[in-house]
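Trainee:
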Amino acid sequence: MSEESTLPITPVETEGTQPVAAVPGPDLSAQLEALKAKNAELIGERRKDQEKFKELQEQLNNLSKQSTQQKQKKLAEAGEFKTLWEEATRSVAERDATITELQAQLERQAKETQQQTIRAQALNAMTQQGVFAPDQLYTLMQGNLRVRDGAVMAVHGGVEVPLQQHLQNLRNPNSGFEHFFRASGSGGIGTPRATPNATSGMVNPYRTGNMTQIVNLELTNPDLAKQLKQEASAG
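First residue of the sequence shown? That's 1 in the working numbering, and the numbers climb one at a time after it.
1) Note down the Cα distance separating V152 from N62, rounded to an integer number of angstroms.
2) Can you tell me where the beta strand (DSSP E) holding R148 begins and where it ends?
3) What alpha helix (DSSP H) runs, 4 residues minimum, are completely inside the region 119 to 163?
4) Quick check: what's the CA-CA separation for F181 versus P173?
5) Have a look at R171, I118, Q165 and flag the residue whose alpha-carbon is nearest the alpha-carbon of G149.
6) With a threshold of 8 Å on Cβ separation, who are the neighbours of N204 within its own chain once the five nearest residues in sequence on each side are excluded?
7) Can you grab the Cα-Cα spacing for the pair L217 / K36, in whole Å?
8) Tell me F181's beta-bridge partners as DSSP assigns them.
9) Can you find the residues in the same chain that come closer than 7 Å, C-beta to C-beta, to Q116, ignoring five residues on each side of it along the sequence?
10) Taking the CB atoms as reference points, tell me whether R95 and L145 lie closer together than 8 Å.
11) Is the region 99 to 111 in contact with the region 122 to 139, if contact means three or more CB pairs nearer than 8 Å?
12) Just the Cα atoms here: how many angstroms apart are L123 and A97?
13) Using a threshold of 8 Å, state whether the C-beta atoms of A154 and L163 are closer than that.
14) Quick check on S186: does DSSP put it in helix, strand or coil?
15) What is the C-beta distance between Q57 and I99, in whole angstroms, given that I count them as a contact (C-beta under 8 Å)?
16) Nearest to M126 by CA position, among A234, K111, Q31, A88, is which residue?
17) Which of the three DSSP states is assigned to R46 in this structure?
18) So R171 is in the alpha helix (DSSP H); what residue range does that whole segment cover?
19) In chain order, what residues of the same chain have a beta carbon less than 7 Å from the beta carbon of E45, not counting five sequence neighbours either side?
Structure follows, in structure tokens:
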């Protein structure tokens with residue numbers, strides 16, 4: 001074998017060099033278009049919910065007003081002013097309670113819609129960055145993810161940064177999350193590139209005995225947990 005083929009090739013890092021994003025393939029482009037369509041659908045559903053809430057509130061106010069006026073008229077005609085006051089007070093309290101419940105339902109729906117948007121965009125970004133277990137990484141990061149102008153931001157050190165940029169930073173050694181990403185190294189000339197399995201490069205909690213990671217993994221990604229457990233048993 002020639003000297004050229006046996007010498008290891010060491011990549012040279014230059015200051016300021018930025019990672020080059022992979023060019024989306026047809027499947028990825030389709031996923032991105034599907035994500036855009038899903039986001040548009042979620043936004044449309046939120047607007048419909050707001051319009052429906054406004055309509056229901058107006059109907060409730062009208063019905064309450066009509067019912068109160070009818071009762072007041074009957075009670076006033078009968079001279080039952082004490083009962084009239086009690087009925088009016090109770091009606092106002094019931095109406096306020098109903099409005100409060102409707103507002104709470106709308107807020108819950110809006111929050112669920114936002115969480116769905118964040119999760120869809122985050123998982124898509126993690127897949128593009130070569131994350132092994134995006135569901136697991138999302139579970140660890142979701143408390144620090146926000147939406148700003150339709151884009152997902154990650155809060156790091158009290159500062160919001162675009163999620164893609166944050167994921168690129170997590171690829172760096174000693175970030176504490178580098179084991180979630182596929183290795184990008186290549187072999188020498190004439191050496192076939194190895195095809196990593198789904199857990200290549202990951203820290204196996206079943207080998208390290210990290211019970212916190214084991215419990216979290218079995219709850220969020222039972223299939224991956226099963227595979228890692230089998231690998232740990234195999235030695």
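All C-beta atoms, glycine included, are put in the ideal place defined by N, C-alpha and C.
Mentor: So, from the listed chains and residues:
1) By 1-based counting over the sequence shown, the position of residue 152 is 152. By 1-based counting over the sequence shown, the position of residue 62 is 62. Each residue's alpha carbon lies about 41 Å from the other.
2) Working through the sequence shown from its first residue, we reach residue 148 at position 148. Boundaries of the beta strand (DSSP E) around R148: 145 to 148.
3) Counting whole runs of 4 or more residues, the region 119 to 163 contains the alpha helix (DSSP H) stretches 134 to 141.
4) Counting from one through the sequence shown, the residue named residue 181 turns up at place 181. Counting from one through the sequence shown, the residue named residue 173 turns up at place 173. Straight-line Cα distance between these residues: approximately 11 Å.
5) Start at 1 with the first residue of the sequence shown, and residue 149 comes out as number 149. The sequence shown places Asp at residue 149, not Gly. Of R171, I118, Q165, the smallest CA-CA separation from D149 is found for I118.
6) One-based indexing of the sequence shown puts residue 204 at position 204. Within the same chain, N204 has close Cβ partners L228, E231, A232.
7) Here the question's residue 217 lines up with position 217 in the sequence shown. Here the question's residue 36 lines up with position 36 in the sequence shown. In a straight line, the C-alpha of L217 is about 29 Å away from that of K36.
8) One-based indexing of the sequence shown puts residue 181 at position 181. Answer is V131.
9) Within the sequence shown, numbered from 1, the residue matching residue 116 stands at position 116. Closer than 7 Å at Cβ, skipping near neighbours: L42.
10) As a first step, residue 95 is located in the sequence shown; it is residue number 95 there, counting from the start. As a first step, residue 145 is located in the sequence shown; it is residue number 145 there, counting from the start. R95 places its beta carbon 8 Å or farther from that of L145.
11) Three or more beta-carbon pairs separated by less than 8 Å are not found between the region 99 to 111 and the region 122 to 139, which leaves the two stretches without contact.
12) Start at 1 with the first residue of the sequence shown, and residue 123 comes out as number 123. Start at 1 with the first residue of the sequence shown, and residue 97 comes out as number 97. Straight-line Cα distance between these residues: approximately 39 Å.
13) Within the sequence shown, numbered from 1, the residue matching residue 154 stands at position 154. Within the sequence shown, numbered from 1, the residue matching residue 163 stands at position 163. Yes, the pair counts as a contact, with Cβ atoms nearer than the cut-off.
14) Counting from 1 along the sequence shown, the entry for residue 186 is found at position 186. Model confidence at S186 stands at a pLDDT of 38, short of 50, so the residue's coordinates are unreliable and nothing is read from them.
15) The residue given as residue 57 occupies position 57 in the sequence shown. The residue given as residue 99 occupies position 99 in the sequence shown. Contact between Q57 and I99 holds, with the beta-carbon distance rounding to 6 Å and staying under 8 Å.
16) If you number the sequence shown from 1, residue 126 lands on position 126. Across the set A234, K111, Q31, A88, the C-alpha of Q31 shows the shortest separation from the C-alpha of M126.
17) Reading the sequence shown from its first residue, position 46 is the one you call residue 46. Under the three-state reduction of DSSP output, R46 falls in the helix class.
18) As a working note, residue 171 is residue 171 in the sequence shown. No alpha helix (DSSP H) contains R171, which DSSP labels as neither H nor E.
19) Within the sequence shown, the letter at position 45 stands for residue 45. Cβ neighbours of E45 beyond the five flanking positions: T113.
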